[in-house]
Amino acid sequence: MAVRHISLSSIQHHRLYESCVHDLMQHEDVRSMDGHIHHNRVTCLEHCLSVSFMSYLACYRLGLDYRAAARGGLLHDLYLYDWHHTKPMEGLHGFTHPGIALRNANLRFLLNEREQDIIIKHMWPMTLRLPRHRESYIVCLVDKYCAFLEVFHDRRKRNLERFKKFCQAASIVKPCIPPISI
Ligand SMILES: [Fe+2]
Ligand SMILES: [Fe+2]
Numbered sequence: 000m001a002v003r004h005i006s007l008s009s010i011q012h013h014r015l016y017e018s019c020v021h022d023l024m025q026h027e028d029v030r031s032m033d034g035h036i037h038h039n040r041v042t043c044l045e046h047c048l049s050v051s052f053m054s055y056l057a058c059y060r061l062g063l064d065y066r067a068a069a070r071g072g073l074l075h076d077l078y079l080y081d082w083h084h085t086k087p088m089e090g091l092h093g094f095t096h097p098g099i100a101l102r103n104a105n106l107r108f109l110l111n112e113r114e115q116d117i118i119i120k121h122m123w124p125m126t127l128r129l130p131r132h133r134e135s136y137i138v139c140l141v142d143k144y145c146a147f148l149e150v151f152h153d154r155r156k157r158n159l160e161r162f163k164k165f166c167q168a169a170s171i172v173k174p175c176i177p178p179i180s181i
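According to numbering that gives the first Met the number 0, the residues represented by the sequence shown are 0 to 181, in order.
Given below as structure tokens:
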């Protein structure tokens, strides 16, 4: 059931968010996600933190279980391998990694049913089973939004950087405009 939460300043939100995920962030396996690239130059930990914090904010504002969203969001991609080079299970990474992430998370933390649902259903509708909670739908949407930004926004940024470099190089051969004589 949705509950109305009082409005908070951004500092209060950061403190509350931190209190939701503090124990998870202490774990070395969660921190180790910073060693795997997820999309482009974004590491898995950076991606999970974005998904977790945005889902926390959305759930807080909608009066939902923001703690479960923050925790499930942080652990939703705890598959712990570089999916570009490693394939620990038969099947496509997109289909298999939610199950691997949930198994890893359950081995390390005591999660409630909502947090587990968030992790296992985050690839819906690719994985067919419907999410059971509104928080799971929110994490699922935020995950896709973040992935889209990481893939396309980063590509746009790199194209822009390339274009700037090209312009700088081009200015070397730019025709020199003679000063106007008065
Ligand atoms: Fe994922
Ligand atoms: Fe993800």
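For every residue, glycine included, the Cβ atom is placed at its ideal position computed from N, Cα and C.
Identify every residue that forms a DSSP beta bridge with residue i.
{"i": "T182", "result": "With the chain covering only 0 through 181, there is no way to say anything about residue 182."}
If residue i sits next to residue j, beta carbons under 8 angstroms apart, how far is it from one beta carbon to the other, in whole angstroms?
{"i": "R113", "j": "D64", "result": "6 angstroms"}
{"i": "V50", "j": "V138", "result": "6 angstroms"}
{"i": "I36", "j": "D76", "result": "Their Cβ separation, rounded to whole angstroms, is 12 angstroms, which puts I36 and D76 out of contact at 8 angstroms."}
{"i": "Y55", "j": "C19", "result": "7 angstroms"}
{"i": "I118", "j": "A146", "result": "No, I118 and A146 are not in contact; Cβ-Cβ is about 16 angstroms, not under 8 angstroms."}
{"i": "L140", "j": "L74", "result": "So it is not a contact: roughly 17 angstroms between Cβ atoms."}
{"i": "R66", "j": "L44", "result": "Not quite, the Cβ-Cβ distance comes to about 20 angstroms (not below 8 angstroms), so this is no contact."}
Starting from residue i, follow the alpha helix (DSSP H) in both directions and report where the run begins and ends.
{"i": "V150", "result": "Where V150 is concerned, there is no enclosing alpha helix (DSSP H), given that its DSSP letter is neither H nor E."}
{"i": "H92", "result": "92-107"}
{"i": "G71", "result": "65-74"}
{"i": "S9", "result": "9-24"}
{"i": "D116", "result": "112-119"}
{"i": "V29", "result": "27-30"}
How should residue i be labelled, buried or exposed, when 16 other C-beta atoms within 10 angstroms of its C-beta is the threshold for buried?
{"i": "N103", "result": "buried"}
{"i": "E134", "result": "buried"}
{"i": "Y16", "result": "buried"}
{"i": "S6", "result": "exposed"}
{"i": "F52", "result": "buried"}
{"i": "M122", "result": "buried"}
{"i": "I10", "result": "exposed"}
{"i": "H26", "result": "exposed"}
{"i": "P97", "result": "buried"}
{"i": "V2", "result": "exposed"}
{"i": "L127", "result": "exposed"}
{"i": "L109", "result": "exposed"}
{"i": "P130", "result": "buried"}
{"i": "K86", "result": "exposed"}
{"i": "L152", "result": "Per the sequence shown, the amino acid found at residue 152 is His instead of Leu. Flag for H152 reads exposed."}
{"i": "L91", "result": "exposed"}
Compare the C-beta of residue i against all C-beta atoms of chain C and say whether one is closer than 7 angstroms.
{"i": "H38", "result": "Given the protein chain composition of this structure (a single chain), no chain C is represented."}
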